[in-house]
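Taken in order, these protein sequences are the chains called P and C. Each step along the first sequence adds one to the number in the working numbering, with nothing skipped, and position 27 is 922. Each step along the second sequence adds one to the number in the working numbering, with nothing skipped, and position 101 is 996. Backbone N, C-alpha and C fix where the C-beta goes; we use that ideal spot for every residue, glycine too. What you are looking at is a predicted structure, and each value in this text was computed from that prediction instead of being measured.
2 protein chains.
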Amino acid sequence: MYSIQDVSKKTGLSTHTLRYYEKEGLICGVERSQGGFRQYTDEDLEALGLICCLKNTGMSLQEIARFVSLTRSGEHTLAERVSMLRQHRENVLDRMAEMQKYLDKVTWKLKFYTEKLNAYEAAEGKNSECACKDRA
Amino acid sequence: MYSIQDVSKKTGLSTHTLRYYEKEGLICGVERSQGGFRQYTDEDLEALGLICCLKNTGMSLQEIARFVSLTRSGEHTLAERVSMLRQHRENVLDRMAEMQKYLDKVTWKLKFYTEKLNAYEAAEGKNSECACKDRA
DNA sequence: CTAAACCTTAAAGTTTACTCTAAGTCAATA
DNA sequence: TATTGACTTAGAGTAAACTTTAAGGTTTAG
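See the structure below:
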């Protein structure tokens, strides 16, 4: 059993965010102490792992809540869950391909500016003693 | 020369967004017709290409505005521009590695649920004529 | 036994990046 | 020339995902 504080440390989510996720239906059935404090199990942590995975790959909290609610509705929702995951996987793959394309552009631009900078600094060194020699 | 409508089509950004980007300092010096209409040049389009590239790889509009303003401030800002791009490139690489890790998890989950679904449908077919046969 | 450090809820506030509205100007066409 | 439709600005509104606040109950170390 973990306190909300423990879980916050383990997941990197703030305690505020953990309560918020519960309110939004992303985490369900977290047990409580007699005093009403949340007591997370290892299963809850696992569920949070999936939630973070989906969230960090661009799934909206609303969709995640939908997925979680399907998970709790029994086996007749398996087809829809599979279809959601399959679609999401496609989205992630597309996103990664796009990122790679953009990365190439950033790399190219960086090369371009680096060369420009080298030329500029060479010229600067030739023409004058520069006050900003100690630039890292 | 392109109208805001043309540029909207070419970039996929709405006309609202294009004006908004201008207001926020992401695009500068767009020419105007005698009637005050925006007239974008090929250079503006190129600049927009870089803006979209940076934005779609996770740079905030504020940072992009900063980069653009450096670009317009002369060669003494080259070092900072290079450093921004270098840092951004690192971020993109980190993000891609993270995505790959999460993708593996999604793939694994998908496999898990697909197998569960197959088992479920097999059992379903064995035990009863199901009303929802025409599921895709 | 009391004070500090936790926990609770409900609700308001914040940030980012748009997106839309209103009121008016400009351009091309019937 | 009148109307349609695209353009202009300023500013209000929206959605998502938190984040903070307020007001109060619980637990545990000293």
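Could you tell me whether any Cβ in chain P is nearer than 7 Å to the Cβ of residue i?
i	result
TYR1015/C	yes
LYS1033/C	Residue 1033/C falls outside the range modelled here, since chain C spans only 896 to 1031, and no answer is possible.
GLU958/C	no
Using alpha carbons as the reference points, say which of the options lies closest to residue i.
i	options	result
ARG927/P	LEU921/P, ARG990/P, ARG914/P	ARG914/P
SER903/C	THR1002/C, TYR935/C, ASN1013/C, THR1009/C	TYR935/C
LYS1000/P	LYS1011/C, LEU1005/C, CYS947/C, HIS911/C	CYS947/C
GLY931/C	MET954/C, MET994/C, SER898/C, MET979/C	SER898/C
GLU975/C	MET979/P, ALA974/P, LEU1005/P	LEU1005/P
GLU958/P	GLU919/P, MET994/P, ASP989/P	GLU919/P
TYR1008/P	LYS950/C, THR966/C, THR912/C, ASP939/C	THR966/C
ASP937/P	LEU949/P, GLY953/P, LYS950/P, ILE922/P	ILE922/P
MET896/C	VAL925/C, LYS1011/C, GLY1020/C, ARG984/C	VAL925/C
LEU949/C	THR1002/C, MET979/C, LYS905/C	MET979/C
VAL987/P	GLU1010/P, THR1002/P, MET954/P	MET954/P
ARG961/C	LEU908/C, LYS905/C, GLU985/C, TYR916/C	TYR916/C
GLY944/C	GLY907/C, HIS983/C, GLN929/C	GLY907/C
VAL963/P	ARG984/P, ASP939/P, TRP1003/P, ASN951/P	ASP939/P
ARG981/C	THR1002/P, ASN951/P, GLU941/P, GLN929/P	THR1002/P
ALA942/C	HIS911/C, LYS905/C, GLN929/C	LYS905/C
ASN951/C	ARG933/C, GLU1010/C, VAL977/C, ARG984/C	ARG984/C
LEU956/C	GLU1010/C, THR912/C, ASP901/C	THR912/C
LYS1011/P	GLN929/C, SER909/C, THR910/C, VAL977/C	VAL977/C
Anything in chain C within Cβ reach of residue i, meaning under 9 Å, just list it in chain order.
i	result
LYS918/P	Chain C residues near LYS918/P: none, gap ~24 Å exceeds 9 Å.
In chain C, what lies closer than 8 Å to residue i by C-beta?
i	result
LEU998/P	THR952, ARG984, VAL987, LEU988, MET991
LEU945/P	LYS1000, LYS1004
Do we get a CB-CB distance below 7 Å when we pair residue i with the residues of chain C?
i	result
THR1009/P	yes
VAL977/P	yes
VAL963/P	no
CYS923/P	no
MET994/P	yes
CYS1025/P	Note that CYS1025/P has pLDDT 47, beneath the 50 cutoff, so the model's placement of it is unreliable and no number is given.
ARG967/P	no
Listing by chain order, which chain P residues have their CB less than 7 Å from the CB of residue i?
i	result
LEU980/C	VAL1001, LYS1004, LEU1005, TYR1008
GLU970/C	TYR1015
Please confirm whether any heavy atom of the ligand SAM lies closer than 6 Å to the CB of residue i.
i	result
SER903/C	Of the ligands one can find in the structure shown there are none, so the ligand SAM has no counterpart to examine.
Below 8 Å, can you find three or more Cβ-Cβ pairs linking the segment 965-981 of chain P to the segment 1004-1016 of chain C?
-> Taking 8 Å as the limit for Cβ pairs, the verdict is that the segment 1004-1016 of chain C does touch the segment 965-981 of chain P.
Contiguous alpha helix (DSSP H) assignments of at least 4 residues, all confined to the segment 911-985 of chain C | The qualifying runs are 937-951, 956-966.
Pairing CB atoms from the segment 991-999 of chain P with CB atoms from the segment 987-1000 of chain C, are three or more of them under 8 Å?
-> Yes: at least three Cβ pairs fall under 8 Å.
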